[in-house]
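This report concerns only the one structure given below.
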Amino acid sequence: MMKRIIYLAMAAVIPLASVFTVKADETCMSPYIAKITGQEDYVYVWTLGVEGIGDEQDKLVTIDANPSSDTYGTVVNVLSVGGRNEAHHSGLSDDRKYLWAGGLDTNQIFIFDIHSDPRTPTLHKVITDFTDKSGGLVGPHTFYALPGRMLVTALSNNVDHGGRTGMAEYNNAGEFIATHWMPTDSDLRGATKSGQFADGYGYDVRVKADMNVMLTSSFTGWSNYMMDFGQMLQDGAAMQRFGNTMIVWDMHARQPKKVLDVPGTPLEIRCAWDPSNRYCFTSTALTSQIWLIYEDDQGEWQAKAVADIGDPSSIPLPVDISITSDDKGLWVDTFLEGKARYYDISDPHAPKQVYEKVIGKQINMVSQSWDGKRVYFSSSLLGNWDKLGDDDEQYVKLYHWDGEQLDHKWTVDFYAEGLGRAHQMRFGSYALYGKINPNTKLAKIDEIKVNGGLN
Amino acid sequence: MKSVRVRQILLVFVLSLSCTAALVHSASRGPGWGELSYEPPAAGTYQLPVIMSATNGVVLKDDHSTANLFDLMSDRIVFLSFIFTRCSDVNGCPLANAVLYKVQSRINQRPELAKDVALLSISFDPEFDTPEIISALKKSFQRGVVDWEFLTTDNQSNLQPILDGYGQFAVRPHDEHGVQMDEYVHLLRVYLIDKKRHVRNIYSVSFLHPDILMNDLETLLLESQLE
Numbered sequence: 180m181m182k183r184i185i186y187l188a189m190a191a192v193i194p195l196a197s198v199f200t201v202k203a204d205e206t207c208m209s210p211y212i213a214k215i216t217g218q219e220d221y222v223y224v225w226t227l228g229v230e231g232i233g234d235e236q237d238k239l240v241t242i243d244a245n246p247s248s249d250t251y252g253t254v255v256n257v258l259s260v261g262g263r264n265e266a267h268h269s270g271l272s273d274d275r276k277y278l279w280a281g282g283l284d285t286n287q288i289f290i291f292d293i294h295s296d297p298r299t300p301t302l303h304k305v306i307t308d309f310t311d312k313s314g315g316l317v318g319p320h321t322f323y324a325l326p327g328r329m330l331v332t333a334l335s336n337n338v339d340h341g342g343r344t345g346m347a348e349y350n351n352a353g354e355f356i357a358t359h360w361m362p363t364d365s366d367l368r369g370a371t372k373s374g375q376f377a378d379g380y381g382y383d384v385r386v387k388a389d390m391n392v393m394l395t396s397s398f399t400g401w402s403n404y405m406m407d408f409g410q411m412l413q414d415g416a417a418m419q420r421f422g423n424t425m426i427v428w429d430m431h432a433r434q435p436k437k438v439l440d441v442p443g444t445p446l447e448i449r450c451a452w453d454p455s456n457r458y459c460f461t462s463t464a465l466t467s468q469i470w471l472i473y474e475d476d477q478g479e480w481q482a483k484a485v486a487d488i489g490d491p492s493s494i495p496l497p498v499d500i501s502i503t504s505d506d507k508g509l510w511v512d513t514f515l516e517g518k519a520r521y522y523d524i525s526d527p528h529a530p531k532q533v534y535e536k537v538i539g540k541q542i543n544m545v546s547q548s549w550d551g552k553r554v555y556f557s558s559s560l561l562g563n564w565d566k567l568g569d570d571d572e573q574y575v576k577l578y579h580w581d582g583e584q585l586d587h588k589w590t591v592d593f594y595a596e597g598l599g600r601a602h603q604m605r606f607g608s609y610a611l612y613g614k615i616n617p618n619t620k621l622a623k624i625d626e627i628k629v630n631g632g633l634n
Numbered sequence: 713m714k715s716v717r718v719r720q721i722l723l724v725f726v727l728s729l730s731c732t733a734a735l736v737h738s739a740s741r742g743p744g745w746g747e748l749s750y751e752p753p754a755a756g757t758y759q760l761p762v763i764m765s766a767t768n769g770v771v772l773k774d775d776h777s778t779a780n781l782f783d784l785m786s787d788r789i790v791f792l793s794f795i796f797t798r799c800s801d802v803n804g805c806p807l808a809n810a811v812l813y814k815v816q817s818r819i820n821q822r823p824e825l826a827k828d829v830a831l832l833s834i835s836f837d838p839e840f841d842t843p844e845i846i847s848a849l850k851k852s853f854q855r856g857v858v859d860w861e862f863l864t865t866d867n868q869s870n871l872q873p874i875l876d877g878y879g880q881f882a883v884r885p886h887d888e889h890g891v892q893m894d895e896y897v898h899l900l901r902v903y904l905i906d907k908k909r910h911v912r913n914i915y916s917v918s919f920l921h922p923d924i925l926m927n928d929l930e931t932l933l934l935e936s937q938l939e
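Chains as they are written, first to last, in the working numbering: chain A, 180 to 634; chain B, 713 to 939.
Below you can see the structure in the form of structure tokens.
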């Protein structure tokens, strides 16, 4: 029997396991966001347009993810946006009515209405003045919901197109609020530099709401992420322009407090959900390590490498990571190997790899359901960094995870379907809006809990 | 009909009592029920940029009179919450009421602040939350010199523009038979509005705490002194 148990609101302030019987769809989203549990109805895939493939435009692809639907595992809607922007990441608003998606090259931000008809999203608004309004930010990357607002990290700036950057804050209507620049050696903005670096680079953001802590990581600027991957690897100067820092912020004040050395380009940040677990993880792309960012016994935030990912000397290039809802497991994708690894992080200071599987010839993003039983993978990293020729597989794949192995369920081939390069995946559900999925044979809401948690 | 109203009002008092009880049993609840686990930034040491303009609307007061929200805000800093009395989640509307109750208590201890502050709690369940119900709620919570108004609306058409304006997400889902359920699914949100009717903060469960609200209030008061 199909179970579709929905809870709105959850998060990170109190021990979740003792409070919530069901949780969110993804385990890596903002703690302030409305959450679904149980079976997601759709996966929205922000997709890069590719020359010679379909209409060659960036697009939002909707895949039916409900096994009770006749169109399960197939593309049910394609919404092109009229050009190519280096489509990359996307994020849901706190009420999940809208999906924000960015173009790293054109700096455009596309806001899709996914609540009026979850099966058929529409383009609600396009923000075209991101760089002007923010005072020079380039490359809108992470879209992270705050109450009534969206925090948008950037990767670059419009002066030198390097890695110096910041974050822009918008309200849910898409109106600019403020810019928060990363601290640098020349302007620490009140932060303490704890090590060798204060590069001012940016990438991802996550909030430990129960601790009033925000963490940001660091990647590289427009001049690198738009460069051909092979050419960049041969360019010694370009290879020096990668981030080596993470920043600990006072969330409420949006004030940078401490600059941590995390050499090797720390990318995705995933924080423990249990408030008693006062730490987050990241992986370093260039040095292939898992790093723990944690509060020590003296209340000081520290960073340390806690595990290797594969053989770092072979440069597996770890990309996306995903923490389980019980804080005990971490998925780690390595782009060049096309491989997903699962780490036991019960001891966060000593993660242990317990499983690995090759998913494809290349791999980037991973999204799992809250119960961890469904794990979705996608293929594209960046338009100019994806593999070439036959190795340039583009897909979204669903696997079921039983705690010991991944069991393949379906693949959507994004080239065969004329779509493009599959990047970020976000989940949708009718139940979030008080609706019943009209396309399922057993449509039924079994239980609804009002405001069932913290957010 | 009268007995129904009596039962409804009794329910409000029960909810009020459960709210008080929840203050005691604060483990595994939102931080607003107890002590913050961190020191929030001090008042005046940070900025609260304008998020959006506040929204006006026609509301019903507990004495059945109608009023404009902006008139009720007057020239004051406002904490605005959206609630409904049938809300049973301890981290939902009861938390909003409890935190604003604590804010009210602190302002009562500093009565010089009272003229600059208003608390407004609007029901998004006008079908159940009649003026009689919100009047009972007001009697349960309003204390001292602080102006804390509990409000409802005539109907959904008056309410919806207010909810839309503030972005307060609240829906009444349907069951499998297509019947609309009594409960609302909503995200708890409380809004801080300055004297110029700009929204300056939007609180969720995870940081809806009287220490934070008071610091934000004082930050805006310090800001207005500098203007």
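Beta carbons: idealized from backbone N, C-alpha and C, even for Gly. Treat the numbers as computed from the prediction; the structure is a model and nothing was measured.
(message) Please list, in chain order, the chain A residues whose beta carbon lies closer than 9 Å to that of R884(B).
(response) Position 172 of the second sequence holds residue 884(B). Ordered by position in chain A, the residues that pass the 9 Å Cβ test against R884(B) are G613.
(message) Give me, in chain order, the residues of the same chain whose beta-carbon lies closer than 7 Å to that of V377(A); leave out the 5 immediate sequence neighbours on both sides.
(response) As a position in the first sequence, residue 377(A) is number 198, starting the count at 1. Correcting the residue identity first, residue 377(A) is Ala in this sequence and not Val. If we look at A377(A) and ignore the five residues flanking it on each side, its Cβ neighbours are P362, T363, D364, L367, T424, V438.
(request) Using DSSP bridges, identify the partner residues of P442(A). (result) As a position in the first sequence, residue 442(A) is number 263, starting the count at 1. DSSP output for P442(A) lists no bridge partner at all.
(request) Scan the region 851-883 of chain B for residues whose Cβ lies nearer than 7 Å to a Cβ of chain A and list them as they occur along the chain. (result) G879, F881, V883
(request) If I'm right that G281(A) touches H303(A) with Cβ under 8 Å, what's the distance once you round it to whole angstroms? (result) As a working mapping, residue 281(A) is identified with position 102 in the first sequence. As a working mapping, residue 303(A) is identified with position 124 in the first sequence. Incorrect: roughly 15 Å between the Cβ atoms, too far for contact.
(message) The beta strand (DSSP E) that contains R605(A), what's its start and end?
(response) Here residue 605(A) refers to the residue found at position 426 when the first sequence is read from its first residue. That run of the beta strand (DSSP E) goes 600-607.
(request) Go to C808(B), then tell me how far its alpha helix (DSSP H) extends in each direction, as first and last residue. (result) Along the second sequence, one-based indexing puts residue 808(B) at 96. The residue asked about is misnamed: residue 808(B) is Ala in this sequence, not Cys. Unbroken alpha helix (DSSP H) run through A808(B): 805-821.
(request) Examine chain A for any beta-carbon lying closer than 8 Å to the beta-carbon of P753(B), and answer yes or no. (result) Within the second sequence, residue 753(B) is the residue found at index 41, counting from 1. Closer than 8 Å to some Cβ of chain A, the Cβ of P753(B) qualifies, so yes.
(request) Run down chain A in chain order and give the residues with a C-beta less than 7 Å from the C-beta of I924(B). (result) Start at 1 with the first residue of the second sequence, and residue 924(B) comes out as number 212. The contacting residues are H431.
(request) Taking G489(A) as the reference, give the member of I472(A), G270(A), E474(A), V511(A) with the closest Cα. (result) Position 310 of the first sequence, counted from the start, is the residue given in the question as residue 489(A). Cα-wise, what sits closest to G489(A) is V511(A).
(message) Using beta carbons (cut-off 8 Å, strictly below), is S916(B) in contact with chain D?
(response) Looking for chain D here will not work: the only protein chains present are A and B.
(request) Using only alpha-carbon positions, find the residue among F556(A), S209(A), M329(A) that is nearest to V498(A). (result) If you number the first sequence from 1, residue 498(A) lands on position 319. Nearest option by C-alpha distance: F556(A).
(request) Please name the residues in the region 414-448 of chain A whose beta-carbon is closer than 9 Å to at least one beta-carbon of chain B, in chain order. (result) D429, M430, H431, A432, R433, Q434
(request) Give the single residue among E516(A), K536(A), L515(A) whose Cα lies nearest to the Cα of Y522(A). (result) As a position in the first sequence, residue 522(A) is number 343, starting the count at 1. Y522(A) has its Cα closest to that of K536(A), out of E516(A), K536(A), L515(A).
(message) Just to confirm, is the Cβ distance from S396(A) to P442(A) under 8 Å?
(response) Along the first sequence, one-based indexing puts residue 396(A) at 217. Along the first sequence, one-based indexing puts residue 442(A) at 263. Not a contact, by the Cβ cut-off of 8 Å.
(message) At the level of alpha carbons, what is the spacing between V762(B) and C450(A)?
(response) Counting from 1 along the second sequence, the entry for residue 762(B) is found at position 50. Counting from 1 along the first sequence, the entry for residue 450(A) is found at position 271. Rounded to whole angstroms, V762(B) to C450(A) spans 29 Å at the Cα level.
(request) Starting from the beta carbon of Y404(A), find every residue of chain B whose beta carbon is closer than 9 Å, and list them in chain order. (result) Within the first sequence, numbered from 1, the residue matching residue 404(A) stands at position 225. Here the premise fails: no neighbours, minimum Cβ distance about 29 Å.
(request) Using 10 angstroms around the beta-carbon of K531(A), count the other beta-carbons present and answer buried if the total reaches 16, otherwise exposed. (result) Here residue 531(A) refers to the residue found at position 352 of the first sequence. Under this definition K531(A) is an exposed residue.
(message) Please state the DSSP three-state secondary structure of A244(A).
(response) Indexing the first sequence from 1 puts residue 244(A) at position 65. Residue state, collapsed to three classes: coil.
(message) Applying the 10 Å Cβ sphere with the 16-neighbour rule, what's the burial state of K823(B)?
(response) If you number the second sequence from 1, residue 823(B) lands on position 111. Inspection of the sequence shows that residue 823(B) is occupied by Pro rather than by Lys. By the neighbour-count rule (16 or more Cβ atoms within 10 Å), P823(B) is not buried but exposed.
(request) Find out if the Cβ-Cβ distance for the pair N913(B), D923(B) is shorter than 8 Å. (result) For the purposes of this step, residue 913(B) is taken as residue 201 along the second sequence, with counting starting at 1. For the purposes of this step, residue 923(B) is taken as residue 211 along the second sequence, with counting starting at 1. With respect to the 8 Å criterion, N913(B) and D923(B) are not classified as neighbours on the basis of their beta carbons.
(message) Suppose you measure from the CA of W279(A) to the CA of S209(A); what does that come to, to the nearest Å?
(response) What you label residue 279(A) is simply residue 100 of the first sequence in a count that begins at 1. What you label residue 209(A) is simply residue 30 of the first sequence in a count that begins at 1. Near 14 Å, if we compare the C-alpha coordinates of S209(A) and W279(A).
(message) My output table needs one value for F636(A): the three-state DSSP class, helix, strand or coil.
(response) The structure shown does not extend to residue 636(A), since chain A is modelled only from 180 through 634, so no value can be given for it.
(request) Consider the Cβ of P838(B): report whether some Cβ of chain A lies at a distance smaller than 8 Å. (result) Within the second sequence, residue 838(B) is the residue found at index 126, counting from 1. Cβ-Cβ to chain A under 8 Å: no for P838(B).
(request) Can you tell me the Cβ-Cβ gap for Y380(A) and F408(A), rounded? I've got them flagged as a contact below 8 Å. (result) Here residue 380(A) is taken as the residue at index 201 of the first sequence, counted from 1. Here residue 408(A) is taken as the residue at index 229 of the first sequence, counted from 1. Contact doesn't hold; Cβ gap of about 19 Å is too wide.
(request) With DSSP collapsed to three states, give me the class of Q937(B). (result) Here the question's residue 937(B) lines up with position 225 in the second sequence. In this structure, Q937(B) counts as helix in the three-state DSSP scheme.
(message) Quick check on the DSSP output: the alpha helix (DSSP H) that includes M418(A) runs from which residue to which?
(response) Translated into the one-based positions of the first sequence, residue 418(A) becomes position 239. Residues 415-418.
(message) Can you check which of these residues, A213(A), E219(A), V224(A), I212(A), is closest to L544(A) by C-alpha distance?
(response) Translated into the one-based positions of the first sequence, residue 544(A) becomes position 365. According to the sequence shown, residue 544(A) is Met rather than Leu. That would be V224(A), whose Cα lies nearest to the Cα of M544(A).
(request) Just the C-alpha distance for I615(A) and D887(B), rounded to the nearest angstrom, thanks. (result) Counted from its first residue, the first sequence places residue 615(A) at position 436. Counted from its first residue, the second sequence places residue 887(B) at position 175. Each residue's alpha carbon lies about 8 Å from the other.
(request) Could you give the DSSP three-state label for Q547(A): helix, strand or coil? (result) Sequence index remark: in the first sequence, residue 547(A) carries index 368 (1-based). In the structure shown, Q547(A) sits in a strand (DSSP, three-state: E or B).
(message) Taking 8 Å as the threshold (beta carbon to beta carbon), is I356(A) in contact with chain B?
(response) Counted from its first residue, the first sequence places residue 356(A) at position 177. By this cut-off, I356(A) is an interface position.
(request) Label V338(A) either buried or exposed according to how many other C-beta atoms from any shown protein chain fall within 10 Å of its C-beta, with 16 as the threshold for buried. (result) In the first sequence, counting from the first residue as 1, residue 338(A) sits at position 159. Counting Cβ neighbours within 10 Å, V338(A) comes out exposed, since fewer than 16 surround it.
(request) Run down chain B in chain order and give the residues with a C-beta less than 7 Å from the C-beta of P326(A). (result) For the purposes of this step, residue 326(A) is taken as the residue at position 147 of the first sequence. R901, I914, Y915, S916, listed in chain order.
(request) Using a cut-off of 7 Å between C-beta atoms, extract the partners of M764(B) located in chain A. (result) The residue labelled residue 764(B) in the question sits at position 52 within the second sequence. Those are N350, A352, E354, listed as they occur along chain A.
(request) Assign A432(A) to one of two classes, buried (16 or more other C-beta atoms within 10 Å of its C-beta) or exposed (fewer than that). (result) Position 253 of the first sequence, counted from the first residue, corresponds to residue 432(A). So A432(A) counts as buried.
(request) Might you give, ordered along the chain, the residues of its own chain that have their beta carbon closer than 6 Å to the beta carbon of T321(A), omitting 5 neighbours on each side? (result) The residue you call residue 321(A) lines up with position 142 of the first sequence. Excluding positions up to five away in sequence, the list reads H268, T332, D383, V384.
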